[in-house]
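Enquirer:
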Amino acid sequence: MSATQPLQFSVTQQRTFINATLNANLLFQFFFGVYTGVFATSLHIYFHRANRTASKDVIIIGNLSLLYAFTVLYMVLNLFYMNVWLCKDGGTRGEIFVEGAQEALPKGVTVSILISSVAGFVIADGLLVWRCFHACGRSLRRCFLPIGLWIVETVLVVSFVVARCLLVVSPRLVTAEGIRIFACISAAMYVAIATTSLVSTSMICREIYKRSTFQARSRGHYRNILEALIQSSAIYSVIVLFAAIMCFMNLDRSQSIFMVALIITFLDILTQISCALLPTLMVAQLFVKSAHENDEVPSADVPCELLPSNTSASANHGTVTGQLDLERQCSNGHIGAG
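For the sequence shown, full-length UniProt numbering begins at 1 and goes up steadily by one.
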């Protein structure tokens, strides 16, 4: 919110904003508890699997651990913010409202909160693009679009951080035009994040579909993976796209932005937790389904009839590589939405 004087807003609006900020942080604490349980369960199941390698440990567990670490950092910094806002510097309702609207915190803490809130997007989508790259047979040409979108997303995330830091360290830049530019960058960033997730997920699903046969048996083995991919990506993308819409609405200065600011307060929490929880939940979901499967060929495995014979292997090296990569990822629950 750009307002700095409590008299510009009614008493009801001030109370609503304070309550919304407090409730959003309480909601984040709840989801973080759920996320911690899912993360611990995923680690437990993963490390008790026999078919895993050191390289897979570094990529999968490394990325999931980074996501969790940034989420923990975000939670700790938000608790610090709430303590300063409501307890240490808390005064009258108007003073609390102004400090909350201005996010009156030490610049270092503000920048740390900012970085921890967006770093998860790059990590989660980077892991998804890595999965897509292996599903496409490690072909840069076939995976050019997801990789390009992820690079654009990374550039926009860095631009978002730089623009927000400039507004924090240089109050003279906090003008109508400066806020408008920042809103444009924010909206573009969220659109790029959603596009990267949707395109990468679509390409993974396409590769799975292409490598299965028209027999019901083969389709059934992939159903769990496809459902988990689509559900996770859909939820994640809808939340991020809604955040982009709110940023675009924030560009219209002719309308009151108070309601938009309230919605963004909750959206910030949902986008932060979803980019970490959903990929971890995806991995846990595939692990559990694969562990409880009694078929000779688990649903996470590529059916053997999809693999070419030895006589044609040399002529179809790219296809073999893609099928084997897809098989390795599926059999270990490594394919998931970012």
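Yeah, the Cβ is synthetic: ideal placement off N, Cα and C, and Gly gets one too.
Note that the structure is predicted; figures quoted are calculated from it, not measured.
Please confirm if the segment 108-115 is in contact with the segment 163-173, defined as three or more CB-CB distances below 8 Å between the two stretches.
Expert: Judged by Cβ distances under 8 Å, the segment 108-115 makes contact with the segment 163-173, as three or more pairs qualify.
Enquirer: Would DSSP call Arg142 helix, strand or coil?
Expert: Along the sequence shown, read from residue 1 onward, the residue named residue 142 stands at position 142. Coil at Arg142, not helix or strand.
Enquirer: Report the option in Cys205, Tyr236, Ser170 and Ile45 whose CA atom is closest to the CA atom of Asn224.
Expert: Reading the sequence shown from its first residue, position 224 is the one you call residue 224. Closest by alpha carbon: Cys205.
Enquirer: Restricting to Cα atoms, I'd like to know which of Ala244, Gln272, Val174 and Met246 is closest to Phe28.
Expert: Here the question's residue 28 lines up with position 28 in the sequence shown. Among Ala244, Gln272, Val174 and Met246, the Cα nearest to that of Phe28 is on Gln272.
Enquirer: At the level of alpha carbons, what is the spacing between Val169 and Lys107?
Expert: The residue you call residue 169 lines up with position 169 of the sequence shown. The residue you call residue 107 lines up with position 107 of the sequence shown. Rounded to whole angstroms, Val169 to Lys107 spans 7 Å at the Cα level.
Enquirer: Inspect the beta-carbon positions of Ala192 and Leu241 and report whether they are closer than 7 Å.
Expert: Numbered from its first residue, the sequence shown carries residue 192 at position 192. Numbered from its first residue, the sequence shown carries residue 241 at position 241. No, the Cβ-Cβ distance between Ala192 and Leu241 is not below 7 Å.
Enquirer: For the alpha helix (DSSP H) that contains Asn83, what are its first and last residues?
Expert: Numbered from 1 along the sequence shown, position 83 holds the residue referred to as residue 83. Element bounds for Asn83: n/a, residue is neither H nor E.
Enquirer: Using only the alpha-carbon positions, how far apart do Phe160 and Ala119 sit?
Expert: By one-based count along the sequence shown, residue 160 stands at place 160. By one-based count along the sequence shown, residue 119 stands at place 119. Taking the straight line from one Cα to the other gives about 11 Å.
Enquirer: Could you give the DSSP three-state label for Val11: helix, strand or coil?
Expert: For the purposes of this step, residue 11 is identified with residue 11 of the sequence shown, where counting begins at 1. It is helical.
Enquirer: Among Cys184, Pro171 and Ala261, which one has its Cα closest to the Cα of Thr16?
Expert: Locating residue 16 in the sequence shown gives position 16, counting from the first residue. Nearest option by C-alpha distance: Ala261.
Enquirer: Beta-carbon within less than 7 Å of Ser70's beta-carbon, same chain only, minus the 5 sequence neighbours each way: which residues are those?
Expert: Residue numbering aside, residue 70 sits at position 70 when the sequence shown is read from its first letter. Per the sequence presented here, residue 70 reads as Phe, with Ser not at that position. The residues are Ser116, Ala119 and Gly120.
Enquirer: For the candidate residues Pro279, Ile269 and Ala135, whose alpha-carbon lies nearest to that of Leu26?
Expert: Walking along the sequence shown from the start, residue 26 turns up at place 26. Ranking the options by Cα distance to Leu26, first place goes to Ile269.
Enquirer: Let me know the secondary structure DSSP gives His48 once reduced to three states.
Expert: In the sequence shown, the residue the question calls residue 48 occupies position 48. His48: coil per DSSP, three-state reduction.
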